[in-house]
Amino acid sequence: MPELSRRRALTTAAALAATAAATGTAAAHSANATPSGSPGAPDAFDEVYKGRRIQGRPSSGGGHHDGGHHGGGHHGGGFAVYVDGVELHVMRNADGSWISVISHYAPVPTPRAAARAAVDELQGARLLPFPTN
2 MPELSRRRAL
12 TTAAALAATA
22 AATGTAAAHS
32 ANATPSGSPG
42 APDAFDEVYK
52 GRRIQGRPSS
62 GGGHHDGGHH
72 GGGHHGGGFA
82 VYVDGVELHV
92 MRNADGSWIS
102 VISHYAPVPT
112 PRAAARAAVD
122 ELQGARLLPF
132 PTN
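Quick note: the sequence shown, position 95, residue 96 per our numbering, numbers continuous.
1. Can you give me the C-alpha to C-alpha distance between residue 127 and residue 46, rounded to a whole angstrom?
2. For residue 59, which beta-bridge partners are listed by DSSP?
3. Under a Cβ-count criterion, where at least 16 other Cβ atoms within 10 Å of its own Cβ denotes burial, should residue 84 be classed as buried or exposed?
4. Between the Cα of residue 86 and the Cα atoms of 116, 133, 42, which residue gives the shortest distance?
5. Taking only three categories from DSSP, how would you classify residue 87?
6. To the nearest angstrom, how far is it from the Cα of residue 132 to the Cα of residue 109?
7. Rounded to a whole number of angstroms, what is the C-alpha to C-alpha distance between residue 43 and residue 60?
8. From residue 91 to residue 106, what does the alpha carbon distance come to, in whole angstroms?
9. If you run the structure through DSSP and keep just helix, strand and coil, what is residue 47?
What follows is the structure in structure tokens.
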């Protein structure tokens with residue numbers, strides 16, 4: 002009988018873990034929802050961060066761009082980010098995190114966080130336009 006108890010305990014634990022994972026995923030999706038109800042779509046923003054104007058908004062592009070690298074309309078899921086009016090090329094990862102050409106190896110949860118991380122990394126330097134060829 003001890004095997005049945007262990008088996009039952011493991012089965013119960015697995016079921017609870019699956020339920021917790023599903024609940025966590027649902028909570029994460031609702032946390033990423035915009036007021037319009039579009040799950041996972043980032044919110045637009047326009048603010049001054051450490052003296053730099055950062056902006057983010059949906060863009061008209063949405064697909065892969067030939068010859069392009071990472072861009073608001075290229076890999077950014079139809080979202081454009083700007084630092085002082087210069088586009089900061091961003092990309093959304095499969096796990097929902099975001100990276101930019103400035104902070105490529107430091108994923109962040111939102112495009113706003115990517116813009117802020119870029120400002121931090123630039124340390125006052127000007128963001129240069131990223132060549133698309």
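The C-beta atom is built at its ideal place from N, Cα and C for all residues, glycine as well.
By the coordinates alone:
1. Residue 127 sits at position 126 when you count from the first residue of the sequence shown. Residue 46 sits at position 45 when you count from the first residue of the sequence shown. When rounded, the distance between both Cα atoms is 20 Å.
2. Here residue 59 refers to the residue found at position 58 of the sequence shown. Looking at the DSSP assignment, residue 59 forms a beta bridge with 80.
3. Reading the sequence shown from its first residue, position 83 is the one you call residue 84. Counting other Cβ atoms within 10 Å of its Cβ, residue 84 reaches 16 or more and is therefore classed as buried.
4. Within the sequence shown, numbered from 1, the residue matching residue 86 stands at position 85. When only C-alpha atoms are compared, the closest one is 116.
5. The sequence position of residue 87 within the sequence shown is 86, counting from 1. It is a strand residue.
6. Counting from one through the sequence shown, the residue named residue 132 turns up at place 131. Counting from one through the sequence shown, the residue named residue 109 turns up at place 108. The alpha-carbon atoms of residue 132 and residue 109 are separated by roughly 24 Å.
7. The count along the sequence shown starts at 1 and reaches residue 43 at position 42. The count along the sequence shown starts at 1 and reaches residue 60 at position 59. For residue 43 and residue 60, the distance between alpha carbons rounds to 12 Å.
8. Stepping through the sequence shown from its first residue, residue 91 is reached at position 90. Stepping through the sequence shown from its first residue, residue 106 is reached at position 105. Taking the straight line joining both Cα atoms gives about 12 Å.
9. Residue numbering aside, residue 47 sits at position 46 when the sequence shown is read from its first letter. Strand at residue 47.
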